[in-house]
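Right, one structure below, let's go through it.
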Amino acid sequence: MVVELLDVEGGSKRVVIVLGKGGVGKTTVSILLAGELSRFGKTLLASFDPARHLVKYLDLKEPGEVEKVAEGALRRAV
Numbered sequence: 000m001v002v003e004l005l006d007v008e009g010g011s012k013r014v015v016i017v018l019g020k021g022g023v024g025k026t027t028v029s030i031l032l033a034g035e036l037s038r039f040g041k042t043l044l045a046s047f048d049p050a051r052h053l054v055k056y057l058d059l060k061e062p063g064e065v066e067k068v069a070e071g072a073l074r075r076a077v
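With numbering that gives the first Met the number 0, letter number 72 in the sequence shown gets 71, and the count goes up by one each step, no holes.
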């Protein structure tokens, strides 16, 4: 459904921002969305979360560094 809404198969670049108050699932939605969208090309998943949830859930080394995540790692994280 998200793929159709964003028309990612059309080839245009998109910016998707996930917002909400604490505890509503922003990290989970962001990881799943990035995983799904990565099937269609390069995908950047960025976070300004001071709690560093993406770093923890994706088992990244250090926040602030760009890392390539192995295919399937986003899906396995949740």
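Just so it is clear, CB atoms sit at the ideal spot from N, CA and C, and this is done for glycine as well.
| Can you give the Cα-Cα distance for valine 98 and threonine 42, rounded to whole angstroms? | Only positions 0 to 77 of the chain appear in this structure, which leaves residue 98 out of reach.
| field | Distance between beta carbons of leucine 32 and valine 54, contact taken as under 8 Å | value | The C-beta distance from valine 54 to leucine 32 rounds to 18 Å, too long to meet the 8 Å contact threshold.
| Since valine 28 and valine 14 are thought to touch, with beta carbons under 8 Å apart, how far apart are those beta carbons, to the nearest angstrom? | Not quite, the Cβ-Cβ distance comes to about 15 Å (not below 8 Å), so this is no contact.
| field | Residues near leucine 36 by beta carbon distance below 7 Å, same chain, minus five either side | value | Once the five neighbours on either side are set aside, the close Cβ partners of leucine 36 are Val7, Thr42.
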